[in-house]
Each structure stands twice: as structure tokens, then as C-alpha cells.
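Line order of the protein sequences matches chains A and B. Quick note on my numbering: the first sequence kicks off at 1 and runs consecutively. Quick note on my numbering: the second sequence kicks off at 1 and runs consecutively. From the three backbone atoms N, C-alpha and C, an ideal C-beta is built for every residue, glycine too. In what follows, a structure is listed as C-alpha cells, so that the remarks can point back to it.
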Amino acid sequence: MSIQSTISIKNTTKIFNQGSSNEVVALKDINLEIKPHEFVSLIGPSGCGKSTLLRLVADLIVPTVGEITVNGKSARRARVEQDYGFVFQAATLYDWRTVTKNVQLPLELMGYSREERKHKAQEMLELVELGDFGNHYPWQLSGGMQQRVSIARSLAFDPPILLMDEPFGALDEMTRERMNLELQNIWDRTDTTILFVTHSIPEAVFLSSRVVMLSPRPGRIAEIVDVDLPMPRINEAREDPHYFELVNHLRDTLRKIEGEDG
Amino acid sequence: MNFRRFWSDYAPAVILFVAVIAIWEGAVILFAIERFILPAPSAIWSNFVENFDRLVGIGWFTTKEALGGFFIGCTLGIGTALATARWLTVREALMPFAIAANSVPILAFAPIVNNWFGVDNPVSKMVIVAVIIFFPMMINTVRGLTLVDPAALELMRSYAASEFEILFKLRIPNALPYVFSGFKVAASLSMIGAVVSEFFGGNRQALGVFITQEAALFRFENSWSAIIIACFVGITFYLVILGIERISIPWHVSFREK
Ligand SMILES: Nc1ncnc2c1ncn2[C@@H]1O[C@H](COP(=O)(O)OP(=O)(O)OP(=O)(O)O)[C@@H](O)[C@H]1O
Ligand SMILES: [Mg+2]
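Printed below as a string of C-alpha cells:
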């Protein structure tokens, strides 16, 4: 038997509102195997089913057809056993909790001690450079800061898998590049497997070991590109000619997809 | 809060209040309005000061009824809402009735309830108040427990949180602002409910009874003085709840710096 996949998506189709007039085939016949410690990015036009695919892996919704296994178990069991941390497209912080309490939420649910919770939350907030904002309420922070809090929350319990839905979408260019390096660093230090959604082709190429391009209506895999640049990536990788080649290639593919669709 | 800010926030209300009193006083003098139609504010005030001790006793009697009804009604309303939060089918069966019952003029039952518990028994008034308050409290709490951001629920699902954890860490905090707006409605309703149900009979030392009897004896200044007490209690009650709200849910939108 070959190496077991960390995330295995087989013949998966997702249809929303099946049978009704507003039926949407969000994903059709998706097959994707993600190996341990891979960093896979999903890109594609808006509405092509990236978030849907992530939510299927997270067992937040169930496939209409197909089978998904995570860490060798059903997606449901992986969720129950907290195998993944999820960064939602919107920050989704609780208004009544301070920043540090928001980061502690998963730790509370998992029964960490008070001391551990405090320590972990502070460590994570410092990682996203919000160490001084622990006692603020979410609505006192900017959109980008809120998103970083939600990243800190997803990392707090060291999940073996990270599912990230446009985590850096709300950040300015500088912060985004710094967060890219930070994520790269976490990925490099740990055994974490990452499935990452982004709208930015350069970001996808810079971070990933593989980039999966989806095409819309219905969502299908259009192309999978191996990014054979040395790991871990540092800022110099952005100057590598091969990096440009890959970015340009993916841009062309995306343009073709959008052309067909439009 | 500094004085200037306080003044600029409340000046319009204060000026309006003073103006209304002045126009009232002026009109009574100018048009020689008979005192059994509308006494002058100055006459009401001097009556109020003269009878202050007695009025406080009367006011306190009715306040106790209102408070008793408030606590019973809020406890039952919130309790029922929490119980039905778990069972969707129960809630869906109950809510239409609660909403219908909420628009029934429950005060109309006051003479009957007086008869059940005894006209002089304060419990009869507490029951009326509790029933009036029950429905808005329950409806508000159920809304707060169920109108939860789907994304917030999805986050809990991603943590595989139990129903119980979701209730305590998400639904209840989410419901608090709704519960407080229920309390505010209930505070006003409880005083109205207590006074009006006393109109249908009750202890002689109660606001509603006092207001009707003194009016029947043409001692209108006495009735007016009792109304001042009723207003004072109602407003105080409301402000106390506002204060508790501010302390309990400082994170709520309504308290954010503008
Ligand atoms: N809960 C739902 N009910 C019905 N349709 C849905 C639902 N969620 C997603 N869809 C539909 O599925 C398709 C894919 O949506 P999805 O959110 O996965 O897109 P996306 O690739 O993440 O887009 P974006 O880049 O804009 O975030 C869209 O056509 C969307 O309308
Ligand atoms: Mg999306």
C-alpha cells in the first residue's frame, strides 16, 4: 500500500438545494489526495467552490456523492477528534469575548487548564503581532486585525491539519507577506498539513507544494501544478525565474477558465 | 462622563420638561381651569410635599407587587425559553400561542384574578403582572437564543462542541441583549400592570386604589400626587435595569464609543 493520504477526496460531488429550482452543483467529481505535510492551495474564480470544498473536508457540510477521509478516518471523526483548525473566510469572533478569550475558546472546549490557556493564547497573539491587544474587544480592531485573531485561534491547539479559507484576504500587502513567512515557518517547524484557499496566484505559488486550480459551474479541478521550488521558501523565492514561470502559467490558465465561463 | 457632555446630552429633555410645566401652570392661571379638571403643577407639588410620607407608604405597597410580579414573570419567561431552546418542536408549537397571547389585553382578566386570590391580597396583582410580563420575556429570550449568526454556529461545529457548550458559550451570551430589552419592556409593564389591576379593587393603601378613591372624592391633587409617585417608581425601575445592562453587557453595540 502506498503512503496514506492525510486528506483523501474521492469522486466527490456537492449539490446545494438538490431537486429545487435553485439547485446549484457546487462541485462535481472531485478527486484529490493530499499527502502528509503537504501545503496545497486552492485557487479559482469566485464561486467555483473553494470554500465548499474546504467545508466538506471539515465536515461542516456533507457531500452529496463521494467519500472524504481525513487522517485515515471519516471527516466526521476527524472533526470530533479535533484533527483540524479552520480559519473561516470571515473572522467570526464572538462579540462578548475579548481577543484573548476568543483565542482561548477552542482551548476551553478541549479542557485545557486556565494557565495553559492563558499562556497559549498569549503566545499565539504574539505570533500574529497582536500581543498588546488581548484585552480589546473584536469590534475595537480593524478587519485585518480581526482576521489575525482568528488565525491565532485556529493555531492555538496545534492541530495537525490547517484548513484556511482566504486567511490573509483582509490584510495589507506588508502584513500579508509577513504572515506568509510566518505560516511558512509554522509549516516548516511542524508536521502540519495545510489546505489553503486564496485569490492570489503569487501567494499560492510562494506558499504551496501544489496548487489546485478549480473551474466553476460546476466546480471541477482544471489543473494541478507542482511547485518545485526549494522548501522552506524565503523572500528570495519571489525572485526566482521559475517562480515567475509558474505564476504566469497559472495566470494564463485562470484567464482561459474565466474566458470560457464569461 | 464630564459635565459638559452630560449637559449637551440631556439639555433638550430638561428644557422641554421645564417648558411643559411652565405652559401648564400658565394655562391653568390664564384660562382659570377648574382644579377638578386640571390642577396647577404648583398645587400638585405642594400637595405632594404635604402628603409625602403617606404617599411613600402607598407607593411602596404597589412597588412590591410590581417587583414580585416582575421576578415571577421574568423567571418563568426565561425558564420556559431555555427549556424550549433545546426542543425545536416544542418551541415551534408554543411560539404562535405566545405571540397571540402577547397581544391579548391580559389586564382585562384583572377582576377575575382578583376574585381568585382575594381582592386585598397582593398576590392577585403579582399574578396579573407576572402573566403580562411572561410573554414578552419568553418571546425575547427565545429570539436571542435562536437568532444566532450561522457562522458562529459553524465555528462551534468545527470544534465538535456539545449542545450544552453551544448553549452556554454561544446561545446565552447571544441572548443577553434580547433579555435586557425584555427586562426594559417588563419594567414598564409591571408598574402599569400593578396600578391598573388595583383600579379593579385592592388594599386601601395601594396606588391604584388610592388614585381612584381620591378622584371619586374630588380630591384630585391627591390622585395627581400618587401619579407622580407611580411615574417616579416606573422611571427608577427602568434606569436601574439600564444600569445593570451597561455593567453586564459592556460589549454590546449600544454601548460602543461613537
Ligand atoms: N449553503 C449554500 N446554499 C446554496 N448554495 C451555496 C451554499 N454555499 C455555497 N453555495 C454555492 O456554491 C457555489 C460555490 O460557493 P463557494 O462559497 O464554495 O465559492 P468560493 O469558490 O469559495 O467563492 P469565493 O472565492 O467568492 O469565496 C456558489 O455558486 C454558491 O452560490
Ligand atoms: Mg469562498
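For residue i versus residue j, is the C-beta distance shorter than 7 Å?
| i | j | result |
| --- | --- | --- |
| phenylalanine 61 (chain B) | glutamine 205 (chain B) | yes |
| isoleucine 133 (chain B) | leucine 189 (chain B) | yes |
| glycine 134 (chain A) | valine 99 (chain A) | yes |
| glutamate 65 (chain B) | alanine 226 (chain B) | no |
| histidine 65 (chain A) | proline 218 (chain A) | In the sequence under discussion, the amino acid at residue 65 (chain A) is valine, which differs from the histidine named in the question. Result no, Cβ atoms of valine 65 (chain A) and proline 218 (chain A) do not sit closer than 7 Å. |
| leucine 163 (chain A) | leucine 53 (chain A) | no |
| leucine 56 (chain A) | isoleucine 68 (chain A) | yes |
| leucine 246 (chain A) | valine 205 (chain A) | yes |
| isoleucine 128 (chain B) | valine 113 (chain B) | yes |
| glycine 68 (chain B) | methionine 126 (chain B) | yes |
| tyrosine 238 (chain B) | alanine 186 (chain B) | no |
| alanine 237 (chain A) | leucine 250 (chain A) | no |
| tyrosine 84 (chain A) | isoleucine 7 (chain A) | no |
| tryptophan 251 (chain B) | aspartate 95 (chain A) | yes |
| alanine 91 (chain A) | glutamine 147 (chain A) | yes |
| isoleucine 106 (chain B) | valine 142 (chain B) | no |
| isoleucine 99 (chain B) | lysine 184 (chain B) | no |
| glycine 143 (chain A) | alanine 121 (chain A) | no |
| serine 262 (chain B) | alanine 58 (chain A) | Chain B is shown only over 1 to 258; residue 262 (chain B) falls outside these bounds and no answer can be derived. |
| threonine 80 (chain B) | arginine 91 (chain B) | no |
| alanine 101 (chain B) | phenylalanine 135 (chain B) | yes |
Under the assumption that residue i contacts residue j (Cβ atoms under 8 Å), give the Cβ distance between them as a whole number of angstroms.
| i | j | result |
| --- | --- | --- |
| serine 150 (chain A) | leucine 93 (chain A) | 6 Å |
| phenylalanine 157 (chain A) | proline 106 (chain A) | 5 Å |
| phenylalanine 263 (chain A) | serine 215 (chain A) | Nothing in the structure corresponds to residue 263 (chain A), since chain A is present only between 1 and 262. |
| serine 197 (chain B) | isoleucine 211 (chain B) | That pair is no contact at about 13 Å. |
| phenylalanine 17 (chain B) | phenylalanine 218 (chain B) | At roughly 28 Å, the Cβ-Cβ gap does not stay under 8 Å, so phenylalanine 17 (chain B) and phenylalanine 218 (chain B) are not in contact. |
| proline 138 (chain A) | asparagine 102 (chain A) | 7 Å |
| isoleucine 229 (chain B) | glycine 59 (chain B) | 4 Å |
| glutamate 221 (chain B) | asparagine 47 (chain B) | 4 Å |
| serine 41 (chain A) | threonine 198 (chain A) | 6 Å |
Would you kindly work out how many angstroms separate the C-alpha atoms of residue i and residue j, rounded to a whole number?
| i | j | result |
| --- | --- | --- |
| isoleucine 194 (chain A) | leucine 176 (chain B) | 38 Å |
| valine 128 (chain A) | glycine 73 (chain B) | 48 Å |
| isoleucine 234 (chain A) | glutamate 165 (chain B) | 42 Å |
| threonine 13 (chain A) | glutamate 203 (chain A) | 27 Å |
| valine 227 (chain A) | glutamate 245 (chain B) | 56 Å |
| lysine 73 (chain A) | lysine 10 (chain A) | 14 Å |
| alanine 13 (chain B) | isoleucine 201 (chain A) | 59 Å |
| proline 39 (chain B) | alanine 32 (chain B) | 10 Å |
| tryptophan 24 (chain B) | valine 209 (chain B) | 26 Å |
| arginine 76 (chain A) | proline 63 (chain A) | 12 Å |
| glutamate 33 (chain A) | valine 225 (chain A) | 14 Å |
| isoleucine 257 (chain A) | valine 80 (chain A) | 37 Å |
| serine 2 (chain A) | proline 36 (chain A) | Legend: pLDDT at serine 2 (chain A) = 49, less than 50; position of this residue unreliable, value from coordinates given subsequently. Between serine 2 (chain A) and proline 36 (chain A), the C-alpha separation is close to 12 Å. |
| phenylalanine 16 (chain A) | lysine 28 (chain A) | 12 Å |
| asparagine 71 (chain A) | glycine 77 (chain B) | 46 Å |
| arginine 114 (chain A) | arginine 5 (chain B) | 41 Å |
| arginine 210 (chain A) | aspartate 252 (chain A) | 17 Å |
| phenylalanine 244 (chain A) | leucine 145 (chain B) | 52 Å |
| isoleucine 192 (chain B) | glycine 202 (chain B) | 15 Å |
| methionine 124 (chain A) | methionine 156 (chain B) | 20 Å |
| glycine 259 (chain A) | glutamate 239 (chain A) | 29 Å |
| serine 46 (chain A) | threonine 236 (chain B) | 55 Å |
| methionine 145 (chain A) | alanine 108 (chain B) | 56 Å |
| isoleucine 30 (chain A) | leucine 82 (chain B) | 43 Å |
| alanine 161 (chain B) | aspartate 149 (chain B) | 16 Å |
| methionine 231 (chain A) | glutamate 182 (chain A) | 14 Å |
I'd like to confirm something about residue i: is its beta-carbon nearer than 6 Å to some heavy atom of ligand 4, or not?
| i | result |
| --- | --- |
| glutamine 147 (chain A) | For the structure depicted, ligand 4 is absent and the ligand set comprises only ligand 1 and ligand 2. |
inquiry  = Quick check on the contact list: which residues have their beta carbon closer than 5 Å to a heavy atom of ligand 1?
reply    = A:Phe16, A:Val24, A:Ala26, A:Ser46, A:Gly47, A:Cys48, A:Gly49, A:Lys50, A:Ser51 and A:Thr52
key: Start-end ranges of the alpha helix (DSSP H) lying completely within the segment 79 to 155 of chain A, minimum 4 residues   = 99 to 109, 114 to 127 and 143 to 155
task = Enumerate, from N- to C-terminal direction, the unbroken alpha helix (DSSP H) stretches of 4 or more residues contained entirely within the segment 141 to 190 of chain B.
result = 150 to 158 and 163 to 166
message = Quick check on the DSSP output: what are the complete alpha helix (DSSP H) runs of length 4 or more inside the segment 181 to 239 of chain B, in order along the chain?
response = 207 to 216
query = In the segment 158 to 212 of chain A, which residue ranges form an unbroken beta strand (DSSP E) of at least 3 residues, counting only runs that do not cross its ends?
reply = 161 to 165 and 193 to 197
request  = Please list the segments of the alpha helix (DSSP H) lying wholly inside the segment 74 to 112 of chain B, counting only runs of 4 or more residues, in order along the chain.
outcome  = 88 to 102
request  = Run through the segment 18 to 65 of chain A for me and flag every whole beta strand (DSSP E) of 3 or more residues, listed as ranges in chain order.
outcome  = 24 to 34 and 39 to 43
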